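Quick mapping for you: the protein sequence lines, in order, are chains A and B. In short: position in the first sequence from 1, add 103, done, that's our numbering. In short: position in the second sequence from 1, add 167, done, that's our numbering. Here is the structure we will look at.
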Amino acid sequence: MWTFNSLIGRMFALIFFPFRSLHPWFAMVFISFLTGLLMLFVFRLTSNQKGIRQVKDKIKAHLLELRLFKDSLPVTLKAQGQILKHNLKYISYSAKPMLVMIIPLLVILAQLNLWFGYEALRAGDTALVKVVLKKSVAPFEADVELEAPPGLAVETPPLRLVETGEVYWRIRAKKEGVHELRVKLAGQNVTKTVIVTAKPLARVCPMKSASLLDGLLFPGEKLIPSRTPLTFVEIIYPAKRLNLAGLGLHWLIPYLVLSVLFGFIFKRPFRVEI
Amino acid sequence: MKRKGLVFSALVLSIAALLSLSIPGQAYIGPGAGFAFLSSFLVLFLTFFLAIFSFLSWPFRFLLRLAKGRQAYKKALVDKVVIVGLDGLEPSLTEKFMAEGKLPHLARLKKEGSYARLQTTTPAISPVAWSSFMTGSEPSKHNIFDFLSRDPRTYLPALSSARIAGPKKTLSWGKYKIPLRKPEIRGFRKSVPFWKILGHAGIFSTVLRVPITFPPEKFAGHLLSGMCAPDLKGSQGTFAFYTTDKEKIKKKEGGVAISVEVIDGRIKTYISGPDNSLLKKPEELRLPLAIDLDKEKGEALLDWPGQRLRLKKGMFSPWVKLVFRPGLGMKVKAIAKFFVSAVEPHFEMYLTPLNIDPEKPALPISHPFIYSVYLSKLLGSFVTLGEANDTWALNEGALNEASFLELTYSNHHEWEAMLINALCKTKKGAVVCVFETTDSIQHMFWRYLDAGHPALKTTPSEMSSGIIEDLYKKMDDLVGRARQSLGPRSVLIVMSDHGFKSFRRGVNLNSWLYLNGYLSLKEGKKESEEWFKDVEWERTRAYALGLGGLYINQKGREAKGVVPAGEETKALKAELIGKLAGLRDSQTGEVSITEVYDRDKIYAGPYRENAPDLIIGYNQGYRASWDSVTGKVNGAVFEDNSKAWSGDHCIDPRYVPGVFFSNRKINRLSPSIMDIAPSVLQVFGLPVPAHMDGRPLLAAEEESPRKKGRKR
Numbered sequence: 104m105w106t107f108n109s110l111i112g113r114m115f116a117l118i119f120f121p122f123r124s125l126h127p128w129f130a131m132v133f134i135s136f137l138t139g140l141l142m143l144f145v146f147r148l149t150s151n152q153k154g155i156r157q158v159k160d161k162i163k164a165h166l167l168e169l170r171l172f173k174d175s176l177p178v179t180l181k182a183q184g185q186i187l188k189h190n191l192k193y194i195s196y197s198a199k200p201m202l203v204m205i206i207p208l209l210v211i212l213a214q215l216n217l218w219f220g221y222e223a224l225r226a227g228d229t230a231l232v233k234v235v236l237k238k239s240v241a242p243f244e245a246d247v248e249l250e251a252p253p254g255l256a257v258e259t260p261p262l263r264l265v266e267t268g269e270v271y272w273r274i275r276a277k278k279e280g281v282h283e284l285r286v287k288l289a290g291q292n293v294t295k296t297v298i299v300t301a302k303p304l305a306r307v308c309p310m311k312s313a314s315l316l317d318g319l320l321f322p323g324e325k326l327i328p329s330r331t332p333l334t335f336v337e338i339i340y341p342a343k344r345l346n347l348a349g350l351g352l353h354w355l356i357p358y359l360v361l362s363v364l365f366g367f368i369f370k371r372p373f374r375v376e377i
Numbered sequence: 168m169k170r171k172g173l174v175f176s177a178l179v180l181s182i183a184a185l186l187s188l189s190i191p192g193q194a195y196i197g198p199g200a201g202f203a204f205l206s207s208f209l210v211l212f213l214t215f216f217l218a219i220f221s222f223l224s225w226p227f228r229f230l231l232r233l234a235k236g237r238q239a240y241k242k243a244l245v246d247k248v249v250i251v252g253l254d255g256l257e258p259s260l261t262e263k264f265m266a267e268g269k270l271p272h273l274a275r276l277k278k279e280g281s282y283a284r285l286q287t288t289t290p291a292i293s294p295v296a297w298s299s300f301m302t303g304s305e306p307s308k309h310n311i312f313d314f315l316s317r318d319p320r321t322y323l324p325a326l327s328s329a330r331i332a333g334p335k336k337t338l339s340w341g342k343y344k345i346p347l348r349k350p351e352i353r354g355f356r357k358s359v360p361f362w363k364i365l366g367h368a369g370i371f372s373t374v375l376r377v378p379i380t381f382p383p384e385k386f387a388g389h390l391l392s393g394m395c396a397p398d399l400k401g402s403q404g405t406f407a408f409y410t411t412d413k414e415k416i417k418k419k420e421g422g423v424a425i426s427v428e429v430i431d432g433r434i435k436t437y438i439s440g441p442d443n444s445l446l447k448k449p450e451e452l453r454l455p456l457a458i459d460l461d462k463e464k465g466e467a468l469l470d471w472p473g474q475r476l477r478l479k480k481g482m483f484s485p486w487v488k489l490v491f492r493p494g495l496g497m498k499v500k501a502i503a504k505f506f507v508s509a510v511e512p513h514f515e516m517y518l519t520p521l522n523i524d525p526e527k528p529a530l531p532i533s534h535p536f537i538y539s540v541y542l543s544k545l546l547g548s549f550v551t552l553g554e555a556n557d558t559w560a561l562n563e564g565a566l567n568e569a570s571f572l573e574l575t576y577s578n579h580h581e582w583e584a585m586l587i588n589a590l591c592k593t594k595k596g597a598v599v600c601v602f603e604t605t606d607s608i609q610h611m612f613w614r615y616l617d618a619g620h621p622a623l624k625t626t627p628s629e630m631s632s633g634i635i636e637d638l639y640k641k642m643d644d645l646v647g648r649a650r651q652s653l654g655p656r657s658v659l660i661v662m663s664d665h666g667f668k669s670f671r672r673g674v675n676l677n678s679w680l681y682l683n684g685y686l687s688l689k690e691g692k693k694e695s696e697e698w699f700k701d702v703e704w705e706r707t708r709a710y711a712l713g714l715g716g717l718y719i720n721q722k723g724r725e726a727k728g729v730v731p732a733g734e735e736t737k738a739l740k741a742e743l744i745g746k747l748a749g750l751r752d753s754q755t756g757e758v759s760i761t762e763v764y765d766r767d768k769i770y771a772g773p774y775r776e777n778a779p780d781l782i783i784g785y786n787q788g789y790r791a792s793w794d795s796v797t798g799k800v801n802g803a804v805f806e807d808n809s810k811a812w813s814g815d816h817c818i819d820p821r822y823v824p825g826v827f828f829s830n831r832k833i834n835r836l837s838p839s840i841m842d843i844a845p846s847v848l849q850v851f852g853l854p855v856p857a858h859m860d861g862r863p864l865l866a867a868e869e870e871s872p873r874k875k876g877r878k879r
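Below, the structure is given as structure tokens:
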């Protein structure tokens with residue numbers, strides 16, 4: 104899985120390479136554009152284009168019927184029924200491309216989450232490091248230790264929560280770079296990358312986990328080996344927001360709007376019925 | 168199969184499980200779903216908005232309708248009137264087939280209601296007759312006297328029903344003239360159709376394909392224009408015929424022949440579009456068309472901007488969209504059908520006239536404008552050209568008989584679907600639909616009923632007289648289906664505007680006028696090309712144009728008129744009537760003209776001055792010759808009609824009455840086409856306007872059911 108994640112990660116790094124020093128909006132517009140085109144392509148290949156065209160025509164016809172026969176209650180009621188019926192059919196026509204798209208899109212979304220979901224630390228910033236131990240390990244008995252590289256400093260002793268099996272430290276970023284924290288437990292070491300940079304766009308993976316699902320959702324680092332007594336290590340980075348006229352937007356919102364918008368803009372030139 | 172289903176279900180479940188595990192933000196599964204959900208949400212939102220608006224406003228509209236409706240239907244004897252117009256249905260054939268038990272639905276109508284021969288108009292030509300049908304008045308009140316009228320300033324023909332001209336104001340910009348206003352579309356039919364009067368009274372109508380309804384007029388109802396609605400070129404239908412056979416490249420009436428060449432199995436040609444009116448010097452818009460031939464499979468792969476189409480020999484394509492780009496980002500859309508008739512030894516392909524796309528009409532073809540859009544979305548693309556059935560293509564050999572029939576019935580089915588839809592949607596009011604199928608097929612196949620027809624020797628004859636019988640049966644079946652959808656308080660009228668007779672011999676009136684000294688040719692000429700090119704007007708006293716009109720070259724009216732108005736014109740008319748009525752065919756000895764009608768004696772309306780001075784009533788078997796119609800002059804007065812167009816009705820109206828059927832009794836034996844409009848008004852309880860010449864036919868003795876109810 105790591106090979107796959109690493110390959111995809113490199114692809115995204117390549118795509119975003121020119122945008123690293125630019126405002127994240129540029130990268131967001133670009134990736135939304137690419138996604139819109141990709142989805143149009145997939146939609147065209149996998150959907151029943153003729154069926155969609157026909158059902159949309161029927162919906163439009165019955166919408167026009169509402170206007171043309173506005174004085175006839177039976178006709179307008181029937182038209183509304185027909186609109187709903189054809190709308191369901193329309194949604195059913197979209198189900199196949201939707202199913203086909205779900206998996207690649209999950210992969211894309213997980214990657215985008217690394218680029219747009221979290222703010223990298225800047226020199227001088229602090230962050231919490233959270234380690235969740237396996238249930239078999241008692242937090243107070245475990246000899247868990249956090250070792251920081253020269254670019255980072257561990258500012259606090261570990262804070263252990265017995266009920267949840269969590270251990271917290273606070274770290275401080277001292278200088279820019281890609282640093283590796285080392286969590287030591289029962290003679291085993293687990294490393295976790297910490298990104299410290301002033302660049303507006305960076306790939307930040309907050310979590311390193313032993314779970315396969317987390318590995319899918321946070322594909323920035325290798326999975327923790329299953330024999331290690333840790334469930335995951337997490338750096339609690341500040342959440343990233345895309346600023347639009349003073350509004351801090353979660354990246355999914357502009358991504359949704361822009362990718363759909365690009366899809367609609369390019370559906371005609373690419374002759375895709377959506 | 169079962170396993171496949173299980174795998175699919177497992178996949179769906181796994182994906183659903185995967186989604187349920189993901190964080191809420193990631194529940195959005197991408198633009199693909201976004202497309203679908205946004206669109207369907209928009210539709211749902213719009214539907215609910217309209218539904219809520221409709222429900223909230225319903226009480227007010229109900230009250231308003233109640234007030235209006237009560238008034239509208241206060242004296243109505245019926246809820247609904249349905250008129251099925253079968254253009255040219257011939258009474259003698261109808262009666263024969265009914266007697267033979269071949270038309271059960273029409274026979275039932277006759278038995279339970281009424282049947283009569285319907286007097287047509289003078290002249291007995293569809294645009295004239297249908298205009299009288301809708302206005303209830305004689306031709307000089309509605310101003311339609313033929314398909315063509317003449318411009319007295321130029322002696323050239325013009326369409327009698329409408330004129331389309333460029334916009335009055337344009338902005339000059341480089342090579343372009345940008346229209347600042349819409350093109351000027353003027354209808355010349357005068358008087359008021361009955362559906363407009365119904366609309367004023369609050370009675371809704373749906374009017375489908377009635378001739379002379381282009382441009383569509385505003386009224387309280389829906390209308391789709393019929394005969395005389397133009398194609399995208401502005402003509403009454405121009406087909407294209409592509410061929411590699413040089414011998415077949417000649418002038419085609421009603422179409423263009425395009426010579427093509429096969430190079431390495433490929434033909435590079437074009438689709439001829441309308442003139443580019445955006446340019447100061449208009450030039451034809453063209454779409455490049457490439458055709459790859461597969462002789463083994465008998466197929467052609469057609470490729471034009473934006474589309475590819477594989478077409479088997481002998482099959483019509485569905486309606487395809489053609490988009491012309493005149494410039495400045497503008498688009499003009501048309502629909503058309505292709506038909507590859509031969510791949511080898513010669514390639515031959517027919518392209519229908521470029522119909523105005525009903526989904527994006529370049530010209531208004533319906534009222535309201537969105538009505539054609541609605542029909543197109545609901546029922547699919549449909550023929551919008553007024554003269555929908557391409558009789559010229561068969562006449563000129565671009566289509567064979569079987570393919571002409573296929574195309575014609577395909578158009579017919581589109582109209583049937585429109586009628587059935589209108590019947591379902593109209594609970595109260597009027598529905599009028601005219602089918603020209605009957606007219607076109609009889610024009611083109613009548614010779615099979617006439618063993619002595621000259622065209623049987625000259626045109627390919629693949630069919631039999633069964634074609635026309637089959638046509639009548641199909642129309643009978645349509646009547647049956649229409650009747651089924653009606654309730655007890657409905658009136659059904661099935662009618663034709665005129666009948667049909669054989670057209671064996673043509674009479675060239677212009678030649679007769681020339682040979683008898685009424686029309687002169689330029690010095691040294693013994694013949695004239697079409698549209699009177701070689702006529703010496705200063706020495707011409709009379710000329711003929713169109714299917715039945717003869718004009719006096721009158722001083723002060725015609726540009727080069729020589730006959731003074733008043734007594735001299737009267738005398739000349741009397742002289743011509745005397746010589747033409749009873750004119751015998753020198754070859755057969757038969758009388759070719761039975762009656763010549765003087766417009767001053769038969770018309771009394773305000774537009775009489777626009778009518779031909781004399782209207783020729785040809786005998787059965789005769790009609791104006793093809794050359795006479797277009798103003799050609801030669802030495803022969805009579806000629807055989809050797810075209811597939813072998814039946815006609817532009818003769819003495821007494822020989823070509825139409826048919827009238829109704830599910831109600833009528834109050835006279837000899838109704839006229841002008842009686843239908845007043846009859847419709849009468850059954851809806853409305854007064855008949857004084858300008859109408861017709862008189863109500865139906866239910867004059869019946870009493871309003873509401874009144875009856877009150878008495879009880």
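Beta carbons are placed, not taken as given, at the ideal position from N, Cα and C, and that holds for glycine. Computed from a prediction, not measured in an experiment: that's the story for all the values here.
- With three or more CB-CB distances shorter than 8 Å, the segment 755–767 of chain B counts as touching the segment 775–784 of chain B.
- Every unbroken stretch of the beta strand (DSSP E) spanning 3 or more residues and falling wholly within the segment 324–354 of chain B is given here in chain order: 329–332, 337–340, 343–346 and 351–354.
- When CB distances to chain B are screened at a threshold of 9 Å, the residues of the segment 157–179 of chain A falling below it are Gln-157, Lys-159, Asp-160, Lys-161, Ile-162, Lys-163, Ala-164, His-165, Leu-166, Leu-167, Glu-168, Leu-169, Arg-170, Leu-171, Phe-172, Lys-173, Asp-174, Ser-175, Leu-176, Pro-177, Val-178 and Thr-179, in chain order.
- Ranking A:Thr-179, A:Leu-345, A:Val-363 and A:Leu-361 by CA distance to the CA of Glu-222 of chain A puts A:Leu-345 first.
- Counting C-beta pairs closer than 8 Å gives three or more between the segment 794–803 of chain B and the segment 667–679 of chain B, which meets the contact rule.
- Residue range 355–370 is occupied by the alpha helix (DSSP H) that includes Gly-366 of chain A.
- DSSP places Glu-262 of chain B inside the alpha helix (DSSP H), whose first and last residues are 258–266.
- For Gln-183 of chain A, a Cβ of chain B is located within less than 7 Å of the residue's own Cβ.
- Within the same chain, and ignoring the five residues on either side of Thr-149 of chain A in sequence, the residues whose Cβ sits closer than 7 Å to its Cβ are Lys-199, Pro-200 and Val-203.
- With its beta carbon less than 7 Å from one in chain A, Leu-217 of chain B belongs to the interface.
- Remark: fewer than three beta-carbon pairs, one from each stretch, lie closer than 8 Å, so the segment 643–660 of chain B and the segment 800–819 of chain B are not flagged as touching.
- Using beta-carbon distances, Lys-464 of chain B does not count as an interface residue toward chain A, since no partner is under 7 Å.
- Within chain A, Leu-171 have C-beta atoms less than 8 Å from the C-beta of His-389 of chain B, given in sequence order.
- Trp-613 of chain B has its alpha-carbon roughly 21 Å from the corresponding atom of Phe-314 of chain B.
- Going by beta carbons, His-610 of chain B and Gly-814 of chain B fall inside the 7 Å limit.
- In the same chain as Phe-321 of chain A, and ignoring 5 residues on each side of it, the C-beta atoms closer than 6 Å to its own belong to Cys-308 and Met-310, in chain order.
- Contact check between the segment 407–421 of chain B and the segment 536–551 of chain B: fewer than three CB pairs, one atom from each, fall below 8 Å, which does not count as touching.
- In the DSSP assignment, Thr-302 of chain B falls within the unbroken alpha helix (DSSP H) covering 293–302.
- Listed along chain A, no residue sits closer than 8 Å to Arg-275 of chain B by beta-carbon distance, the nearest being about 29 Å off.
- Between Ala-218 of chain B and Tyr-785 of chain B, the alpha-carbon positions lie close to 60 Å from each other.
- For the segment 572–629 of chain B, the full-length alpha helix (DSSP H) segments reaching 4 residues or more read 604–612 and 622–625 along the chain.
- Under the Cβ criterion of 7 Å, Lys-385 of chain B is not counted among the residues facing chain A.
- In the three-state scheme derived from DSSP, where H, G and I count as helix and E and B as strand, Gln-651 of chain B is classed as helix.
- Taking the Cβ atoms as the reference, Val-234 of chain A lies roughly 6 Å from Leu-333 of chain A, within the contact range of under 8 Å.
- Per DSSP, reduced to three states, the secondary structure at Lys-527 of chain B is coil, with no helix or strand assignment.
- Ranked by Cα distance from Ala-589 of chain B, the options B:Leu-686, B:Leu-542 and B:Pro-621 are led by B:Leu-542.
- Chain order gives the chain A residues near Ile-537 of chain B as Leu-167, Arg-170 and Leu-171, where near means a beta carbon separation below 9 Å.
- Sequence-distant partners of Val-281 of chain A (beyond 5 residues in either direction) whose C-beta falls short of 7 Å from its own C-beta, in its chain, are Thr-296 and Ile-298.
- About 10 Å separates the beta carbons of Phe-827 of chain B and Leu-276 of chain B, which is beyond the 8 Å limit, so they are not a contact pair.
- In the DSSP assignment, the residues bridged to Glu-337 of chain A are A:Lys-233 and A:Met-310.
- Taking the Cα of Lys-241 of chain B as reference, the smallest distance to any Cα among B:Leu-390, B:Ala-368, B:Thr-337 and B:Ala-291 is reached at B:Ala-368.
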